[in-house]
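In what follows, a single structure is set out as structure tokens and then discussed.
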Amino acid sequence: MMSRLAAAASRPAEISFEVDGRILSAPQGEPLATALAAAGLLQLRHSPRNGAPRGAFCFMGVCQECAIHVDGVLRQACMTPVADGMVVELRGVP
Amino acid sequence: MSGECDLIVIGAGPAGANAALVARQHGLRVVLIDEQPDAGGQVWRAPWPGLARDANAPEARDGDALRARLGASAVDCRFGRRVWSVTSGYRVDALGPDGNEAVCAPLLIAATGAHERVVPFPGWTLPGVIGLAAATVLLKSHLVLPGERVVVAGCGPLLAAVAAGIVKAGGEVVAIVDLAGPAEWLKAFPAMASRPRLLARGMGWALKLASKRVPVHFRYGIAAAEGEGQLERVRLVPVDEHGAPCAEPTLTLTSDALCIGHGLVPGAEITRLFRARHLYQPLRGGWVPELDGFGRTSVPGLLAIGDGAGLKGAAPAEIGGRIAGLAAAHDAGRLARDAFEQAAAPLLKQRENLAAFADASAGMMALRPAQVAAISPETIICRCEDVPRAEIDAAFAAGARDVNQLKHFTRCGMGPCQGRMCGDVAAQLLAAQVGSREAVGYWTGRPPLRPVGFEALIGSFSYDDIPIPKPAPL
Amino acid sequence: MSHIHDLGVIGGGVHGATVALFAARGGMDVALFERGPLCREASGVNAGTLTMQMTRVALIPYALEAHAMWASAGDWLGHDVGVVVCDGLSLAFTPAEAELLTFRAGKRREAGAPIEIVSGARAKEIEPGLSGQALIAGHCKVDGFANAYLTGLAFRAALIEAGVSLHENCPVAGVEREDGAFAIRTSQGVKRVRRIVLAGGVWIEPMLAWLGISLPIKTLINQLSVSERIAPVMRTVVGIANGLLSLKQYPHGTVVIGGGWQAVGDRERGGVELLPERLIGNMRLACHAIPALRQARMARAWAGLEAETRDALPAVGPLPGIADAYVCGSVHSGYTSGPYIARLLAEHILDREPAMPLFPIDRLLAPEGAGTTA
Ligand SMILES: Cc1cc2nc3c(=O)[nH]c(=O)nc-3n(C[C@H](O)[C@H](O)[C@H](O)COP(=O)(O)OP(=O)(O)OC[C@H]3O[C@@H](n4cnc5c(N)ncnc54)[C@H](O)[C@@H]3O)c2cc1C
Ligand SMILES: Cc1cc2nc3c(=O)[nH]c(=O)nc-3n(C[C@H](O)[C@H](O)[C@H](O)COP(=O)(O)OP(=O)(O)OC[C@H]3O[C@@H](n4cnc5c(N)ncnc54)[C@H](O)[C@@H]3O)c2cc1C
Ligand code: FES
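Chains as they are written, first to last, in the numbering used here: chain E, 1 to 94; chain F, 95 to 568; chain Z, 569 to 942.
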């Protein structure tokens, strides 16, 4: 059976990565946006003018709502596989 | 990937992959590029490398077969590469694991597929609200469920597919909220019945959903998505036969995931970049390149196929790909006219047989102007730039008459999604005041085709090697 | 007979729009004809830099006045074009560039631009975002930028308020002299005007040909790119000694990268193609100056058309031998200087003495090589 987002327990935790100082784990190869959502982190950034919460929307590389800093560089979380030791920051794009 | 070849195909979905295979069979040297880690496109998307999979789903079977054929062929597959620039010649620049790579060929096939249309409503920007097509990606490729209690909403065949996919995977669908009514489905039914296998699958979905007693709300839309920081509630509202709300919101559902979509929009960015002639065709999803029967655009050497050239669905995309592969072989001088026509004839016939089905499902996913007209002034249209509808109306009042001027006046479409999420709806809002979609036009195509990181693009370099042009006059 | 306007302006870029605005405010009945929407060619797609360090020496006195106009756009234009006044730095990374910079800054200083040469270390104090690789820099306090895509919105409102009769999406096909007036053939019929200003940007060459004047205008196809919004990485306008970089971050966070790298195109088709190698080259230069840019992504690139005369000085003034006809354009860094120079022409048309000389085209009409100067 597939796991639900926000029910991370059922997924194998093969690698670990860091999000704003928190250590999370995820299966090897899982897209970062999915790994974050599974850890309950749906909110990835704030919108530029209104400061409203935003999260992954299209999961196919189009909407750019999942653009976050991965090892210091802006990347689309839905197109980026999680990797061991990855450092993720949700400091956002102003 | 540097160097020369006879044909470059961008996009390895059913359309592009089949075009590449056929052209290769006729002796062309073919480079096939896609930004996904593997071929399959949206519909036959492969699970991410390393994730456990269910190989029995029909899409997985079709996709695996395609990937096997590509693997056994001499098509030069370049996956995990994002095409950001296409210039005449044709030269294609793609950003991959080793930085920027360029490849050149006299023929180019654009097979870049479609992206989702979501007609905005209050709260559609809340985390937890995702696209309907996005849900298919989660189910097929990321192998997870969108949430604990999922509302599936919007219109078209993807509604049932997503809901059934969630149920099958053991998830809970709180409700299906369909803009259409049973009458519209019945109207589409005879055409749908022209493809028994797909109809059977649709029936299968229906039975699966019925057995789980998933409530279906026909002729309902989403009035609002609400929650603190992320989705908690979804409010439903009855809609009329045009998709516009026709009463006060009636129902509130507790939910942590709303999957919503109102059809697809062709990703015609490459043909726009080359200023090929385009036509506005609502049934095909919007602005599409004008094509001859074989996929050739008005620009010599440039072909466009699949959903990116007009929505028809996976099977016609596959056949259209094969036809364009033949056309490319013919244009490259590898296939004589007679042989070309002979090989294309049965494919053209096959595609014609699929037309009724394609039109019926595309019809259910076409933009509903009345739904757009009913968007409230404060609802965000452009997610990237937080532009509400009121500012689009104000731009019209200030003199904006085409979408590119609208963009200058409001920043609508200037963000990193490059107008993909808002473009169709913003153009429709302006068109309703100006008079027609033709009059307001479409965003000018420009590179990069998708945003690309400076770091990856510029790589390491020494200052002296930058080809700085000669100084401007003093 | 149809209504005759005092003045007809053809071309609605920053030059045409400014002439029309000040002529109307001076009491004339003005009509403006623009082929597309207002300010959507060079004047709406340019980099918006308002700098002395890229301005031609002969134009510095004009550019200083123009900078003051932009800085107070709220007063005379009345609508926001997002002007930011800030420091400007022109960098030299190599000894050869340092020499070029010192020479060029010296010439511009002589012409009145308050440019000071500072050390690389001082430059980094002024702009903490710099990489620190600059040997020296030209520092000018009169610098800044506007948000060019707002130009049309702002001028449109101002022109309507000033009573200009505005014809957008109205291409002009030709102009004829007729009974002491001009007949302008437009897509909306023939309009009659007593005086005429040709302000067609790179298209002043075909416009002048309507009146039998042959003035070759070179078309530059300038490339620009922009990042998505990012956290602040810089606070000044940054360029390099030879003028081939212009870089600044807008208050909303995007960084615009320019400097006049050339794209593919022409007057007939516009800027049709951006060459990947040049985009990458321009970007490398930008990241060499401001390393934090490396974190960002490019959201879009485009190209626009800029006009250049044989001597790269403006074509602004009366047309020789044709009474009541004027040309206005081909001003280098014309977004910066345009409003001031076009206002001077409006003064001239209103029979007032302009505060500085115009740039009549007689000098350019003499046979090539005849040695005339401005
Ligand atoms: C998210 C989504 C889910 C869908 N789910 C279903 C479904 O379950 N069932 C169904 O019948 N239909 C579905 N559809 C419709 C179906 O995708 C299409 O009918 C079919 O896939 C069209 O094939 P295609 O080859 O034209 O495009 P696609 O399959 O979309 O393939 C296009 C490919 O081009 C690549 N690409 C695009 N731009 C670039 C670039 N700049 N650089 C490199 N690569 C690029 C993409 O990565 C993609 O792999 C879905 C559509 C979408 C958008
Ligand atoms: C990419 C780029 C970057 C630049 N960056 C800077 C910068 O940072 N700082 C700076 O100071 N300058 C810059 N410039 C220069 C500056 O933009 C131009 O000098 C200035 O905008 C020119 O204004 P204009 O009114 O002469 O021409 P345009 O703005 O081109 O206006 C001419 C108008 O005439 C219209 N027209 C043409 N033919 C007809 C016809 N037949 N009928 C009716 N209308 C017609 C056109 O549609 C056009 O709107 C840049 C230029 C470009 C292209
Ligand atoms: S979720 Fe849309 S780009 Fe990643």
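In this text, a Cβ means the ideal position worked out from N, Cα and C, and glycines have one as well.
With a CB to CB cut of under 8 Å and the five nearest residues on each side skipped, what residues in its chain are close to residue i?
{"i": "Ala282(F)", "result": "Ala454, Ser455, Gly457 and Met458"}
{"i": "Gly217(F)", "result": "Val223, Ala318, Ala319, Glu320, Gly321 and Leu325"}
{"i": "Ala437(F)", "result": "Leu420 and Leu429"}
Whose C-beta lies closer than 6 Å to the C-beta of residue i among residues of the same chain, with five residues either side of it excluded?
{"i": "Gly712(Z)", "result": "Leu618, Val652, Val653 and Cys654"}
{"i": "Ala77(E)", "result": "Leu32, Ala33, Cys66 and Ile68"}
{"i": "Ile764(Z)", "result": "Gly576, Phe750 and Ala893"}
{"i": "Leu918(Z)", "result": "Gly594"}
{"i": "Lys406(F)", "result": "Ala452"}
{"i": "Leu543(F)", "result": "Val177, Trp178 and Glu363"}
{"i": "Val84(E)", "result": "Reading the sequence as shown, one finds Asp at residue 84(E) and not Val. Around Asp84(E): Ile15."}
{"i": "Gly811(Z)", "result": "Met622"}
Find the nearest neighbour of residue i within the set the options, judged by alpha-carbon distance.
{"i": "Trp829(Z)", "options": "Trp870(Z), Gly576(Z) and Ala691(Z)", "result": "Trp870(Z)"}
{"i": "Arg608(Z)", "options": "Met775(Z), His635(Z), Asp643(Z) and Thr719(Z)", "result": "Thr719(Z)"}
{"i": "Leu627(Z)", "options": "Ile929(Z), Pro922(Z), Leu918(Z) and Ile909(Z)", "result": "Ile909(Z)"}
{"i": "Asp892(Z)", "options": "Gly580(Z), Arg745(Z) and Val686(Z)", "result": "Arg745(Z)"}
{"i": "Gly509(F)", "options": "Val19(E), Pro48(E), Ala38(E) and Gly29(E)", "result": "Pro48(E)"}
{"i": "Val331(F)", "options": "Gln324(F), Leu345(F), Glu532(F) and Gly323(F)", "result": "Leu345(F)"}
{"i": "Ala467(F)", "options": "Lys234(F), Ile486(F) and Arg161(F)", "result": "Ile486(F)"}
{"i": "Gly29(E)", "options": "Gly92(E), Leu90(E), Arg91(E) and Met86(E)", "result": "Met86(E)"}
{"i": "Gly688(Z)", "options": "Leu668(Z), Leu657(Z) and Ala681(Z)", "result": "Leu657(Z)"}
{"i": "Lys443(F)", "options": "Arg416(F), Leu252(F) and Gln465(F)", "result": "Arg416(F)"}
{"i": "Ala705(Z)", "options": "Val805(Z), His735(Z) and Glu736(Z)", "result": "Val805(Z)"}
{"i": "Val124(F)", "options": "Ala140(F), Gln136(F), Gly134(F) and Gly105(F)", "result": "Gly105(F)"}
{"i": "Gly697(Z)", "options": "Ala867(Z), Pro907(Z), Pro800(Z) and Gly827(Z)", "result": "Pro800(Z)"}
{"i": "Met802(Z)", "options": "Ile858(Z), Gly616(Z) and Leu600(Z)", "result": "Ile858(Z)"}
{"i": "Val212(F)", "options": "Leu237(F), Gln136(F) and Leu352(F)", "result": "Leu352(F)"}
Comparing the C-beta of residue i with each C-beta of chain Z, is any distance below 7 Å?
{"i": "Leu44(E)", "result": "no"}
{"i": "Leu41(E)", "result": "no"}
{"i": "Pro96(E)", "result": "A query on residue 96(E) cannot be resolved here, the shown segment of chain E reaching from 1 to 94 and no further."}
{"i": "Leu543(F)", "result": "no"}
How about residue i: is its C-beta nearer than 7 Å to some C-beta of chain E?
{"i": "Thr219(F)", "result": "yes"}
With DSSP run on the structure shown, which of helix, strand or coil describes residue i?
{"i": "Ser611(Z)", "result": "helix"}
{"i": "Gln527(F)", "result": "helix"}
{"i": "Gly712(Z)", "result": "strand"}
{"i": "Ile68(E)", "result": "strand"}
{"i": "Val625(Z)", "result": "helix"}
{"i": "Glu14(E)", "result": "coil"}
{"i": "His372(F)", "result": "strand"}
{"i": "Ile486(F)", "result": "helix"}
{"i": "Trp771(Z)", "result": "helix"}
Is there a Cβ of chain F sitting closer than 7 Å to that of residue i, yes or no?
{"i": "His856(Z)", "result": "yes"}
{"i": "Glu796(Z)", "result": "yes"}
{"i": "Phe17(E)", "result": "no"}
{"i": "Trp870(Z)", "result": "yes"}
{"i": "Ala52(E)", "result": "yes"}
{"i": "Leu913(Z)", "result": "no"}
{"i": "Gly92(E)", "result": "no"}
{"i": "Asn810(Z)", "result": "yes"}
Apart from the five residues just before and just after residue i, which ones in its own chain have a Cβ nearer than 7 Å to its Cβ?
{"i": "Leu385(F)", "result": "Thr391, Ala398 and Ala403"}
{"i": "Ile503(F)", "result": "Rather than Ile, the amino acid found at residue 503(F) in this sequence is Phe. Here the set comprises Ala489, Ala492 and Ala494."}
{"i": "Leu122(F)", "result": "Asp100, Leu101, Ala422, Ala423, Ala426 and Arg428"}
{"i": "Ser167(F)", "result": "Leu115 and Arg118"}
{"i": "Pro682(Z)", "result": "Cys708, Lys709 and Val710"}
{"i": "Val267(F)", "result": "Val244, Val246, Ala257, Ile260, Val261 and Val308"}
{"i": "Asp597(Z)", "result": "His573 and Asp574"}
Residues of the stretch 834–845 of chain Z with Cβ closer than 9 Å to any Cβ of chain F, in chain order:
Arg837, Val840, Glu841, Leu842, Leu843, Pro844 and Glu845
Taking a cut of 8 Å between CB atoms, which residues from the stretch 858–892 of chain Z lie near chain E?
Arg862, Gln863, Ala864 and Arg865
Which residues, in order along the stretch 764–776 of chain Z, keep a beta-carbon less than 8 Å from a beta-carbon of chain F?
Flagged: no residues at all.
Residues of the stretch 64–77 of chain E with a CB closer than 7 Å to any CB of chain Z: list them in chain order, please.
Gly72, Val73 and Leu74
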